DNA sequence: ACTCATTGTAATAACATGATTTACAATGAG
DNA sequence: CTCATTGTAAATCATGTTATTACAATGAGT
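Chains as they are written, first to last, in the numbering used here: chain Y, 55 to 198; chain F, 55 to 198.
Set out below in structure tokens:
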């Protein structure tokens with residue numbers, strides 16, 4: 055059981071824009087070839103990132119730009135942009151109300167798990183696009 | 055995007071066993087009626103919990119017992135018992151090797167995300183079955 | 001030894017969700 | 001006006017989860 059492609063794809067899109075803006079026109083087709091995924095997915099994701107105020111997309115002419123400095127864009131924002139705001143885990147919605155465990159499980163377990171989710175979001179908030187870009191560059195250097 | 059039922063179901067199973075062992079025979083049908091789910095799911099989950107050394111199940115006669123003290127059973131063990139040991143997120147497996155971002159994204163993002171996953175598991179390790187049982191009992195008391 | 005409720009497990013179906021693909025109107029710089 | 005591109009809808013495919021049915025194996029109780 056894993057989270058979907060969406061957040062990693064969004065990260066890769068933003069990294070490509072950060073790295074190639076000004077060098078290449080970062081169209082959905084261009085980005086799609088880096089991720090190796092369908093351009094429609096890129097356009098949808100780009101739409102979510104635009105709605106979240108992270109990028110602006112030039113309709114018609116094509117290409118996307120970052121709105122904020124990579125040091126100001128966190129993984130938390132990216133995650134929130136592309137994922138629903140919902141619980142991390144799916145707790146049974148119709149447990150038996152006659153069972154003392156069943157009638158309290160949602161509240162009790164839900165409380166504990168929401169704390170865990172918040173910790174995860176805190177961790178995400180500490181990782182910036184600039185960090186990732188830096189790691190990409192370091193990895194590139196050590197590649198030769 | 056959420057994790058599946060499995061871990062919450064496993065938690066509820068263990069809570070019911072802890073609460074009702076000695077009072078009722080905790081058969082898969084009994085447990086299924088608390089969770090309001092199919093008994094086969096219970097039996098499969100119970101099998102995973104047995105394999106993880108958390109419960110023992112009486113084949114033939116029926117019923118399950120905890121092998122360990124609820125204070126010694128953590129959410130981490132329960133999570134590991136029922137979920138694959140895999141990455142939290144699904145990073146594109148075939149990114150473009152000609153793109154400097156594509157050819158490093160797995161390593162760079164994977165590293166960051168594995169740290170986050172480990173933090174999540176650490177959080178889980180701090181929550182015991184006894185904690186949850188206690189919360190259930192408290193919630194029950196405040197219910198009247 | 002027999003009974004019978006129960007477990008363990010396989011197989012299948014039903015369902016939900018994610019990803020792919022095709023298609024096309026709307027956009028906007030040149 | 002043109003044309004590459006975006007934004008979006010719809011249909012399809014793939015995959016994973018949950019539900020359901022079925023039945024052999026188990027083992028305590030009689």
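We put the beta carbon where it would ideally sit given N, CA and C, even for glycine.
All values derive from a computational prediction rather than experimental measurement.
In terms of CA proximity to residue 65 (chain Y), F:159 leads the group F:121, F:159 and F:57. Listed along chain Y, the residues sitting closer than 7 Å to residue 88 (chain F) by beta-carbon distance are 149, 150, 153, 155 and 156. Under the rule that a run must span 4 or more residues, the alpha helix (DSSP H) segments found entirely inside the region 83-126 of chain F read 93-105. For residue 82 (chain Y), the nearest beta carbon of chain F is not closer than 9 Å to its own beta carbon.
Secondary structure of residue 192 (chain Y) (DSSP, three-state): helix.
Annotation: Cβ neighbours of residue 161 (chain Y) in chain F (cutoff 7 Å, chain order): 193. Of the candidates F:101, F:134, F:138 and F:128, the residue whose Cα lies closest to the Cα of residue 181 (chain F) is F:128. Chain-order list of chain F residues neighbouring residue 124 (chain Y): empty, with the shortest C-beta distance near 13 Å, by a criterion of under 8 Å. Around residue 110 (chain F), the same chain offers 119 and 121 as residues with beta carbons nearer than 6 Å, after the five sequence neighbours per side are excluded.
Taking 9 Å as the cut-off, the Cβ atoms of residue 162 (chain F) and residue 189 (chain Y) count as close. Taking C-alpha positions only, residue 87 (chain Y) is separated from residue 58 (chain F) by approximately 32 Å. At a Cβ-Cβ threshold of 9 Å, residue 132 (chain F) and residue 68 (chain F) count as neighbours. Membership of residue 173 (chain Y) in the alpha helix (DSSP H) is indicated by the continuous run 159-179. For residue 66 (chain Y), the nearest beta carbon of chain F is closer than 9 Å to its own beta carbon. Cβ contact annotation for residue 117 (chain F) (same chain, cutoff 7 Å, sequence separation greater than five): 79, 80 and 81, in chain order. For residue 142 (chain Y), the closest of Y:151, Y:173 and Y:135 by C-alpha to C-alpha distance is Y:173. Residue 140 (chain Y) places its beta carbon 9 Å or farther from that of residue 60 (chain Y).
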